[in-house]
Amino acid sequence: MTLTRLVVTGYNNRMDARIYLDHAATTPPSPEVRAAMEPYLSPDGFGNPSSLHADGQRAKRVLDAAHDTLAGALGCQFSEISFTSGGTESDNAALVGVMLANKSRGSHLITTAIEHEAVTETAQFLETLGFRVTTLPVDEFGTVSPQSVADALTDETVLVSVMHANNEVGTIQPLREIADVVHAHGAYLHTDAVQTFGQLPVTIDALGVDLLTLSAHKIYGPKGAGALYVRSGLAMEPLLHGGGQERQRRSGTENVPAIAGFGEAVRLLLPGRAAESQRLTALRDYFWTELAASIPGVVLNGHPTNRLPNNLNISLPGLDAETLLLSLDRAGVSASSGSACTSGSIEPSPVLTAMGLPEPRLKSALRLTLGRGTTREEVDRTVEILAGIVERLSCVKN
Ligand code: PLP
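FYI, in numbering that gives the first Met the number 0 the residues of the sequence shown are 0 to 397.
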């Protein structure tokens, strides 16, 4: 064997041996997605979709096709979808855009204590502009009650933003009931469906929402692409001003390769979504059963059943999440403690704090999120590795 082959094989083996359990943070782009993006990075497909010539029109066709795919998936009109740079931008655009454009209706925004930072930080920014924000509590499972939404609504409420399922603990919210309450009051409902679109049926009619956020990299698509659904007729100020792309909603030359990849990721997702979610639910339940049987004191955070198919969030009271994560990483397992975007800093999670978990559970929480590539063998191996780490750390402590 040549040296090059040795090195390459060794590298591949090392990579293959790693176990990736952080699919809520991001997913590996599928080969079909990469292939769908490639033409628009090449000398033949680089055109600007706003250009009238053939090069531009080729790019425009791929944008239109992606619009069609997303509209078909969500059951909405083509013109109700705008492409963005990701979930963060879609959340920002929804909150800021609706509150600014509807000042004549009122200045009150309702959100929850378990939203992604893209919503909570935007709500705080709106407060600095003079808007009033109510942050709803959750129960010990991370569920928002429709009654708490009803109680918080006032004549001044313009928008309510409640995520479809939480990115840390996976709890699925009773969105349809919340939508009914919100609409009975004449307000609008936004949901961040970034974590659910890849795993649950997500249609505008079933959820009853007026605005909905998606992100491509959570569904095996590229990073830097997202979408915002806005119900036709809803007034919204754009965040970005300029050339008026995306029907005046989001100026800036579209990220054609990423949008092509996003469209392909959605096309690939839909036919197998229900079956894959069933597989993941069974694998996740097996994972939890094995963890509970092998690790004394392990506890499950979030709702026991009403949670995302791929999500396990556990605590190991008495141990420290950062130490656990680093030990898992050294043993070849990628996991997370809080939400991806904050996982660089291991502060107690605001989501788990809002659920009222005691400090030892806050400090030792791990998120393990499964995906398309996750196998039973990987689950078994992870249980074995984590049980070994816990035993070693517990001995060191005692
Ligand atoms: N919303 C939720 C629920 C998320 O989990 C994330 C990413 O972690 C985002 C929004 C941000 O999406 P993006 O990374 O595409 O900006």
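Where a beta carbon is used, it is the ideal one built from N, C-alpha and C, also for glycine. The structure presented is a predicted model; accordingly, all values stated were derived computationally and were not measured.
Query                                                                                                                                                                    : Result
Just curious, the beta strand (DSSP E) that Val61 is in, first and last residue?                                                                                         : First-last for Val61: 53 to 73, but that is the alpha helix (DSSP H), not the beta strand (DSSP E).
Grouping DSSP H, G and I as helix and E and B as strand, with all else coil, what is Val132?                                                                             : strand
What does the alpha-carbon distance come out to for the pair Val143 and Gly44?                                                                                           : 46 angstroms
Would you say the beta carbon of Asp21 is closer than 7 angstroms to some non-hydrogen atom of ligand 1?                                                                 : no
Distance check for Pro38 and Gly46, CA to CA, integer angstroms please.                                                                                                  : 11 angstroms
Quick check on the DSSP output: the alpha helix (DSSP H) that includes Asp179 runs from which residue to which?                                                          : 174 to 183
In its own chain, which residues sit with a C-beta less than 6 angstroms from the C-beta of Gly141, not counting the 5 before and 5 after it?                            : Ile113, Asn165, Val168, Thr170, Gly301, Met354
Could I get the ranges of all uninterrupted beta strand (DSSP E) runs contained in the region 237 to 315, with 3 residues as the minimum, in chain order?                : 310 to 314
Give the DSSP-derived three-state secondary structure of Ile384 in the structure shown.                                                                                  : helix
Are at least three pairs of beta-carbons, each pair with one atom in the region 244 to 261 and one in the region 110 to 126, less than 8 angstroms apart?                : no
What is the DSSP secondary structure of Thr352, reduced to helix, strand or coil?                                                                                        : helix
Between Ala339 and Ser276, what straight-line distance do the alpha-carbon atoms span, to the nearest angstrom?                                                          : With a pLDDT of only 43 at Ala339, under 50, the local geometry of the prediction cannot be trusted, and no value is derived from it.
So for Pro28, helix, strand or coil by DSSP?                                                                                                                             : coil
Skipping 5 residues on each side, what residues in its chain have a beta carbon closer than 6 angstroms to that of Val181?                                               : Val159, Leu188
List the endpoints of the continuous alpha helix (DSSP H) containing Gly197.                                                                                             : Counting along the chain, Gly197 falls outside any alpha helix (DSSP H), and DSSP gives it neither H nor E.
Start and end of the beta strand (DSSP E) containing Leu369?                                                                                                             : No beta strand (DSSP E) holds Leu369; DSSP gives it neither H nor E.
How far does the alpha helix (DSSP H) with Ser326 in it extend, from its first residue to its last?                                                                      : 320 to 329
For Gly85, count neighbouring C-beta atoms within 10 Å of its own C-beta (all shown protein chains included) and say buried if the count is 16 or more, exposed if not.  : buried
When DSSP labels each residue in this structure, what does Thr142 get in the three-state scheme?                                                                         : coil
Whole angstroms is fine: what's the gap from Leu315's alpha carbon to Val201's?                                                                                          : 33 angstroms
I'd like to know if the region 376 to 394 and the region 326 to 337 are in contact, where contact means that at least 3 CB-CB pairs between them fall below 8 angstroms. : yes
Could you check if Met14 is buried or exposed, using at least 16 other CB atoms within 10 Å of its CB as the buried criterion?                                           : Residue placement at Met14 is poorly supported in this model, since its pLDDT is 47, which falls under 50; the coordinates are not used for a value here.
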